[in-house]
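Sequence order for the protein chains is A and B.
According to the working numbering, the first sequence holds residues 382 to 494 in order.
According to the working numbering, the second sequence holds residues 14 to 128 in order.
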Amino acid sequence: GENVEQHPSTLSVQEGDSAVIKCTYSDSASNYFPWYKQELGKRPQLIIDIRSNVGEKKDQRIAVTLNKTAKHFSLHITETQPEDSAVYFCAAPLTGTASKLTFGTGTRLQVTL
Amino acid sequence: NAGVTQTPKFQVLKTGQSMTLQCAQDMNHEYMSWYRQDPGMGLRLIHYSVGAGITDQGEVPNGYNVSRSTTEDFPLRLLSAAPSQTSVYFCASSPDLAGGYNEQFFGPGTRLTVL
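Rendered as structure tokens:
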């Protein structure tokens with residue numbers, strides 16, 4: 382099955398700096414890679430996703446890049462703000478099924494003033 | 014729309030007790046799923062369903078049962094609670110039958126403690 386590894390587990394940046402979170406996956410057939418944000422005590426919510434037919438996708442201050450050869454994808458947050466503080470999860474579908482999603486173990490991002 | 018709702022928000026059980034976590038969605042989504050969230054382990058899939066009458070196992074199904082009699086509801090049953098089932102449980106739904114390939118909408122979660 383799919384194995385998704387996420388790094389770092391914690392990340393602290395100053396307001397205005399950029400943050401990068403990286404995930405690697407094991408199944409070369411995977412073709413959908415979402416990122417979820419979970420604020421403290423809240424539910425996870427999708428913030429951006431990418432499919433394997435593109436290498437990069439942007440939405441305002443967030444972007445996701447995909448390197449299929451190296452089997453990794455990354456979340457980039459620019460001009461970080463205190464409200465970006467949260468836990469971020471990457472995910473990828475399990476091998477051979479469109480119905481199962483494997484999540485990474487999460488990155489706790491702290492944006493300091 | 015209320016989206017995905019879960020009850021209860023909090024629950025404390027004794028070892029060996031059984032209970033049902035409720036999940037409902039009003040978005041007419043065919044795909045529904047249950048995850049558990051433990052510190053440092055992310056979200057792990059317990060069971061999922063691609064429509065009424067159809068359920069299947071996820072990564073960590075042992076100790077849990079599900080059923081899907083209607084499109085709207087997807088209850089999760091703990092048969093005989095164990096301390097290892099202490100966790101936060103999230104229900105999610107997706108507008109696409111291929112729920113692993115599309116956005117999943119999560120409920121607010123149920124925090125379960127088993128003593």
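Just so it is clear, CB atoms sit at the ideal spot from N, CA and C, and this is done for glycine as well.
Note that this is a predicted model, so its numbers are computed, not measured.
Residue from 119/B, 76/B and 25/B with nearest C-alpha to residue 105/B: Counted from its first residue, the second sequence places residue 105/B at position 92. When only C-alpha atoms are compared, the closest one is 119/B.
Three-way DSSP call (helix, strand, coil) for residue 464/A in this model: Position 83 of the first sequence holds residue 464/A. The answer is helix: DSSP assigns residue 464/A an H, G or I state.
Runs of beta strand (DSSP E) lying entirely within the segment 29-86 of chain B, each at least 3 residues, in chain order: 32-38, 44-50, 56-64, 67-70 and 77-79
Short-range partners of chain A found in the segment 49-68 of chain B, where Cβ spacing is below 8 angstroms: 53, 54, 55, 56, 57, 58, 61 and 63
Counterpart residues of residue 102/B in DSSP-defined beta bridges: Looking up residue 102/B in the second sequence gives position 89. DSSP, once it has assigned bridges, lists 49/B and 123/B as partnering residue 102/B.
Which of helix, strand or coil DSSP assigns to residue 474/A: For the purposes of this step, residue 474/A is identified with residue 93 of the first sequence, where counting begins at 1. Of the three classes helix, strand and coil, the one that applies to residue 474/A here is strand, per DSSP.
Listed by chain order, chain B residues near residue 488/A by CB distance under 9 angstroms: For the purposes of this step, residue 488/A is identified with residue 107 of the first sequence, where counting begins at 1. Contact annotation for residue 488/A against chain B: no contact, minimum CB-CB distance about 10 angstroms [criterion: below 9 angstroms].
Beta-carbon proximity of residue 62/B to residue 81/B, cut-off 8 angstroms: As a working note, residue 62/B is residue 49 in the second sequence. As a working note, residue 81/B is residue 68 in the second sequence. Taking 8 angstroms as the Cβ cut-off, residue 62/B and residue 81/B qualify as a contacting pair.
Minimum Cβ-Cβ distance from residue 480/A to chain B less than 8 angstroms: Here residue 480/A refers to the residue found at position 99 when the first sequence is read from its first residue. Yes, because at least one Cβ of chain B sits closer than 8 angstroms to the Cβ of residue 480/A.
Backbone secondary structure at residue 96/B - three-state DSSP: Start at 1 with the first residue of the second sequence, and residue 96/B comes out as number 83. If DSSP states are grouped into helix, strand and coil, residue 96/B belongs with the helices.
Classification of residue 400/A by the beta-carbon crowding that lies within 10 angstroms, buried from 16 upward: Here residue 400/A refers to the residue found at position 19 of the first sequence. So residue 400/A counts as buried.
Validate contact between the segment 83-101 of chain B and the segment 21-30 of chain B using beta carbons, cut 8 angstroms, 3 pairs: Output reads yes: the segment 21-30 of chain B touches the segment 83-101 of chain B.
Chain-ordered chain B contacts of residue 406/A [CB-CB under 9 angstroms]: As a position in the first sequence, residue 406/A is number 25, starting the count at 1. Those do not exist, as residue 406/A stays about 13 angstroms from chain B at its closest Cβ, beyond 9 angstroms.
Cβ neighbours of residue 172/B in the same chain (closer than 7 angstroms, five flanking residues each side left out): In the structure as shown, chain B begins at 14 and stops at 128. Residue 172/B is therefore absent and cannot be evaluated.
7 angstroms Cβ shell around residue 393/A - same chain, five flanking residues per side excluded: Position 12 of the first sequence holds residue 393/A. Taken in chain order, the residues that qualify are 491 and 493.
Residue 58/B versus 66/B, 52/B, 44/B and 74/B, residue with shortest Cα-Cα distance: Along the second sequence, one-based indexing puts residue 58/B at 45. Out of 66/B, 52/B, 44/B and 74/B, 74/B has the C-alpha closest to the C-alpha of residue 58/B.
Alpha-carbon spacing of residue 458/A relative to residue 435/A, whole angstroms: Numbered from 1 along the first sequence, position 77 holds the residue referred to as residue 458/A. Numbered from 1 along the first sequence, position 54 holds the residue referred to as residue 435/A. Rounded to the nearest angstrom, the two C-alpha atoms are 19 angstroms apart.
Delimiting residues of the beta strand (DSSP E) encompassing residue 386/A: As a position in the first sequence, residue 386/A is number 5, starting the count at 1. Start and end: 385-388.
Distance, residue 56/B Cα to residue 46/B Cα: Within the second sequence, the letter at position 33 stands for residue 46/B. Within the second sequence, the letter at position 43 stands for residue 56/B. Going by the C-alpha atoms only, they are around 11 angstroms apart.
Beta-carbon gap between residue 396/A and residue 461/A smaller than 8 angstroms: Here residue 396/A is taken as the residue at index 15 of the first sequence, counted from 1. Here residue 461/A is taken as the residue at index 80 of the first sequence, counted from 1. The answer is yes: Cβ separation under 8 angstroms.
Boundaries of the beta strand (DSSP E) in which residue 452/A is found, first to last residue: Looking up residue 452/A in the first sequence gives position 71. For residue 452/A, there is no enclosing beta strand (DSSP E), since its DSSP letter is neither H nor E.
Separation of residue 455/A from residue 485/A, as counted between CA atoms: Residue numbering aside, residue 485/A sits at position 104 when the first sequence is read from its first letter. Residue numbering aside, residue 455/A sits at position 74 when the first sequence is read from its first letter. Rounded to whole angstroms, residue 485/A to residue 455/A spans 12 angstroms at the Cα level.
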